[in-house]
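Read the structure below first, then the notes.
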Amino acid sequence: MPQIEVRSADVAFSGTTARGYAAVFNQWTRIAGLYDERLDPACFDRTLIEDPDILALWNHSPDALLGRTTAGTLRLSTDSHGLQFELDLDPRSPYGALCLSALERGDAHGCSFGFGVVAQTWQDEDNWERPRRTLTDLILYEVTITPQPAYPTTTASLRSETAMDNAVAARRRISEREAAMRKRGLL
Numbered sequence: 247m248p249q250i251e252v253r254s255a256d257v258a259f260s261g262t263t264a265r266g267y268a269a270v271f272n273q274w275t276r277i278a279g280l281y282d283e284r285l286d287p288a289c290f291d292r293t294l295i296e297d298p299d300i301l302a303l304w305n306h307s308p309d310a311l312l313g314r315t316t317a318g319t320l321r322l323s324t325d326s327h328g329l330q331f332e333l334d335l336d337p338r339s340p341y342g343a344l345c346l347s348a349l350e351r352g353d354a355h356g357c358s359f360g361f362g363v364v365a366q367t368w369q370d371e372d373n374w375e376r377p378r379r380t381l382t383d384l385i386l387y388e389v390t391i392t393p394q395p396a397y398p399t400t401t402a403s404l405r406s407e408t409a410m411d412n413a414v415a416a417r418r419r420i421s422e423r424e425a426a427m428r429k430r431g432l433l
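One rule links them: number in this note's numbering = place in the sequence shown (from 1) + 246.
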């Protein structure tokens, strides 16, 4: 079994669904001041094809479970930018409430991920300050929402409602009020 490593990024949310990029492709980041690392766009293909049970955690803590793929509360996909996630948070659970609050307040806006390396390449040129590692094939174990992402370009936030959603909700409230007024004979 490969050694488990973790990396971090940014997060967003709306209501109780968080979404963002747990990993971003082709962006160099410094790891522990020792080397620079980037993710190949195909590095998560194995995980997405094999569809194992991936956990969503708060700050890499296995005791702080937020969701999982087998329960359908965590959904993962990739696009040309990176590894996208959508996570249904439960405000009734202590860590779900903590995560919702941290995202809403902006105290946490990054993500990370825990993985095992299957394949990688290293480059070390004399004119580079540090060696460079490209991760080409990974086994993904978890994604995490964290206040301290290693990859600063990752994102997490609460899903924002669109202007259309807001307009539909406003029309629904007006219709409900009008119906209540008709019922009372005021319209």
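Where a beta carbon is used, it is the ideal one built from N, C-alpha and C, also for glycine.
Taking 4 residues as the minimum length, the alpha helix (DSSP H) runs contained wholly in the stretch 303-362 are 340-351, in order along the chain. Residue environment for I295: exposed (fewer than 16 other C-beta atoms within 10 angstroms of its C-beta). For C357, the closest C-alpha among the options Q369, P395, E371 is that of P395. Distance from the CA of F359 to the CA of G431, rounded to the nearest whole angstrom, comes to 59 Å. The count of Cβ pairs closer than 8 Å, one atom from the stretch 324-339 and one from the stretch 368-382, stays below three, leaving the stretches out of contact. Checking the DSSP bridge columns, you'll see Y281 partnered with I277.
Across the set P393, V363, L322, the C-alpha of P393 shows the shortest separation from the C-alpha of C345. For H306, the closest of V389, L349, A402 by C-alpha to C-alpha distance is V389.
Collapsing the DSSP output to three states places T380 in a strand.
Each residue's CA atom was taken as its position, placing I277 and G318 some 32 Å apart.
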